[in-house]
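Enquirer: Structure provided below as structure tokens; questions to follow.
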Amino acid sequence: MSEREIIEAVLFAAGEAVDTQTLAKLINKSAKNVTPVIRSLMEEYSTRESGMEIIDLGGRYVMQVKPKYTDVISPIAPKELKAPILRTLSMVAYHQPVVQSELVDMRGNSVYDHIRELKDRGFIEAVPHGRTKLLQTTPLFADYFGLDRNEPESIKKKIVELSRQQSGKEGLDRWLGRKFIGFTPMYRSLVDLCGIKDYRTINAYDPTEDELDELADVYKLVISKGYVEKVINNYDGEIIEVRSTTFDDLLDAIKLLENVADPERVKESIELITEMRERYVSKALVISKKVRPATDMIARIVSDLRLGISAEGVVIAPDYGTSSEGMNVTEGADILVPTHSSIEGDLIERVCKKYDAIIDGLKKLED
Numbered sequence: 010m011s012e013r014e015i016i017e018a019v020l021f022a023a024g025e026a027v028d029t030q031t032l033a034k035l036i037n038k039s040a041k042n043v044t045p046v047i048r049s050l051m052e053e054y055s056t057r058e059s060g061m062e063i064i065d066l067g068g069r070y071v072m073q074v075k076p077k078y079t080d081v082i083s084p085i086a087p088k089e090l091k092a093p094i095l096r097t098l099s100m101v102a103y104h105q106p107v108v109q110s111e112l113v114d115m116r117g118n119s120v121y122d123h124i125r126e127l128k129d130r131g132f133i134e135a136v137p138h139g140r141t142k143l144l145q146t147t148p149l150f151a152d153y154f155g156l157d158r159n160e161p162e163s164i165k166k167k168i169v170e171l172s173r174q175q176s177g178k179e180g181l182d183r184w185l186g187r188k189f190i191g192f193t194p195m196y197r198s199l200v201d202l203c204g205i206k207d208y209r210t211i212n213a214y215d216p217t218e219d220e221l222d223e224l225a226d227v228y229k230l231v232i233s234k235g236y237v238e239k240v241i242n243n244y245d246g247e248i249i250e251v252r253s254t255t256f257d258d259l260l261d262a263i264k265l266l267e268n269v270a271d272p273e274r275v276k277e278s279i280e281l282i283t284e285m286r287e288r289y290v291s292k293a294l295v296i297s298k299k300v301r302p303a304t305d306m307i308a309r310i311v312s313d314l315r316l317g318i319s320a321e322g323v324v325i326a327p328d329y330g331t332s333s334e335g336m337n338v339t340e341g342a343d344i345l346v347p348t349h350s351s352i353e354g355d356l357i358e359r360v361c362k363k364y365d366a367i368i369d370g371l372k373k374l375e376d
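So the sequence shown is numbered by the numbering used here: it starts at 10 and just counts up by one.
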């Protein structure tokens, strides 16, 4: 293959302007060296009997039909999709098969006209689904957009590319109508435990303007239990309250997200957490000292470890000092348990550090 043939093939296949740098990379030459080749091609197309021409758009080159043939080819040439219709097609292709009524909810009633045009042009097909229809792309979609095959991953990749061209990186999610599960920063590691792919980590308690915009794309929001009142002023979607004090809390949180999680990952995480809890219970079995929890949070950990409780037992308290009621919960405590503000790591690591603080503290007192 000659450099000239490669450039000609690229310009023909591209269907849009291609810059000099891109062409230079394809033939492993500098932009300076590729320009004469393009100029030569342009000269040839302008002089020979051809219905095509190559136009210079200022460092970008496009192969197109010569204007004098426009009327001749217009009956069979594909019409360019207008942006609103392209957006509807993008959402069908990205989410397919998508329920027509859900697409109308996302895009509004004008989508009916878009669907009609896309069906007439053969890009999508509608399959009856109860009282509505399921929409999906046809093989013509792949042909039109130059895809090798009409399969979901290739289509998704192409749609993201087209959507980014239309809306830019920041508007991509809205263009595609993508909705995400939102996680406040502390619960980011739940994403990994559940195998969730479409998510956003957002400070929903005191969001910035940018974070408020992100919340608009969230349909479920995971927050700490007890903070609903602080969040509802910023968010009106579904709120999932979770806790992360004990291993049971983590198991409950995962189960609350099962319907949007990866089943295999959920199974693995549940097995891992269950094994870790049993390991800690085994460690606690050898401890004979009884304890007195200073707060409900500590009582829940103590219960999970199956430790004995007594009014005269070892006082265990969280390390945060003064409670929201103004009480100094650490006063007279024999063991302090680290809380979220004083420990780092993912949710499992945080729970382990709390359990370790209690077990290690009690063992030292027994010695």
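Every residue gets a Cβ at the ideal spot worked out from N, C-alpha and C, and that includes glycine.
Could you tell me the alpha carbon to alpha carbon distance between Ile248 and Val74, rounded to whole angstroms?
Expert: One C-alpha to the other measures close to 55 Å.
Enquirer: Where does Phe132 sit, in a helix, a strand or coil, going by DSSP?
Expert: Correct three-state label for Phe132: coil.
Enquirer: Mapping the DSSP letters down to three states, classify Leu143 as helix, strand or coil.
Expert: In the structure shown, Leu143 sits in a strand (DSSP, three-state: E or B).
Enquirer: With distances taken between CB atoms, is the gap from Ser154 to Lys167 smaller than 7 Å?
Expert: Here residue 154 is Phe; the residue named in the question, Ser, does not match the sequence. Taking 7 Å as the Cβ cut-off, Phe154 and Lys167 qualify as a contacting pair.
Enquirer: For Ala18, does the three-state DSSP call read helix, strand or coil?
Expert: DSSP places Ala18 in helix when its eight states are reduced to three.
Enquirer: Hey, would you say Thr6 sits closer than 7 Å to Gln109, going by beta carbons?
Expert: Outside the displayed span of the chain (10 to 376) sits residue 6, for which this structure offers no information.
Enquirer: Helix, strand or coil for Glu52 per DSSP?
Expert: If DSSP states are grouped into helix, strand and coil, Glu52 belongs with the helices.
Enquirer: Have a look at Tyr244 and Thr331 and give me their C-alpha separation to the nearest angstrom.
Expert: Going by the C-alpha atoms only, they are around 30 Å apart.
Enquirer: Could you tell me the alpha carbon to alpha carbon distance between Asp219 and Tyr228, rounded to whole angstroms?
Expert: Using only the alpha carbons, I get a separation of about 17 Å.
Enquirer: Are there three or more Cβ pairs, one per stretch, closer than 8 Å when the segment 210-218 is compared with the segment 190-200?
Expert: They touch, by the three-pair rule.
Enquirer: In the DSSP output, which residue or residues are listed as bridge partners for Pro247?
Expert: Looking at the sequence provided, one finds Glu at residue 247 rather than Pro. DSSP, once it has assigned bridges, lists Lys229 as partnering Glu247.
Enquirer: With a Cβ-Cβ cutoff of 7 Å, do Val27 and Tyr70 count as a contact?
Expert: Cβ atoms of Val27 and Tyr70: closer than 7 Å.
Enquirer: Does the beta-carbon of Gly341 have 16 or more other beta-carbons within 10 angstroms, so that it is buried, or is it exposed?
Expert: Burial call: exposed.
Enquirer: Does the segment 228-237 come close enough to the segment 281-298 to have 3 or more Cβ pairs within less than 8 Å?
Expert: Touching, no, given that fewer than three Cβ pairs across the two stretches are closer than 8 Å.
Enquirer: So does the segment 36-51 actually touch the segment 90-99, counting three or more Cβ pairs closer than 8 Å?
Expert: At 8 Å Cβ cutoff, the stretches do not touch.
Enquirer: Only counting the same chain, and skipping five residues up and downstream in sequence, which positions put a Cβ closer than 6 Å to that of Asp207?
Expert: For Asp207, where only same-chain residues beyond five positions count, the Cβ hits under 6 Å are Phe189.
Enquirer: Please classify Leu374 as buried or exposed, where buried requires at least 16 neighbouring CB atoms within 10 angstroms.
Expert: By the neighbour-count rule (16 or more Cβ atoms within 10 Å), Leu374 is not buried but exposed.
Enquirer: According to DSSP, simplified to helix, strand and coil, what is Asn242?
Expert: In this structure, Asn242 counts as coil in the three-state DSSP scheme.
Enquirer: Please classify Arg286: is it buried, with 16 or more other beta-carbons within 10 angstroms of its beta-carbon, or exposed?
Expert: Label assigned to Arg286: buried.
Enquirer: Nearer than 6 Å: is that true of the beta carbon of Val169 relative to any heavy atom of the ligand ZN?
Expert: Of the ligands one can find in the structure shown there are none, so the ligand ZN has no counterpart to examine.
Enquirer: Since Ala326 is in the beta strand (DSSP E), which residue starts that stretch and which ends it?
Expert: Segment 323-327, the beta strand (DSSP E) holding Ala326.
Enquirer: Going by the DSSP bridge assignment, what does Asn337 pair with across the sheet?
Expert: For Asn337, which the question treats as bridged, DSSP gives the partners Thr331.
Enquirer: If we call anything under 7 Å between Cβ atoms a contact, is Val324 one with Arg309?
Expert: No, these two residues do not count as a Cβ contact at 7 Å.
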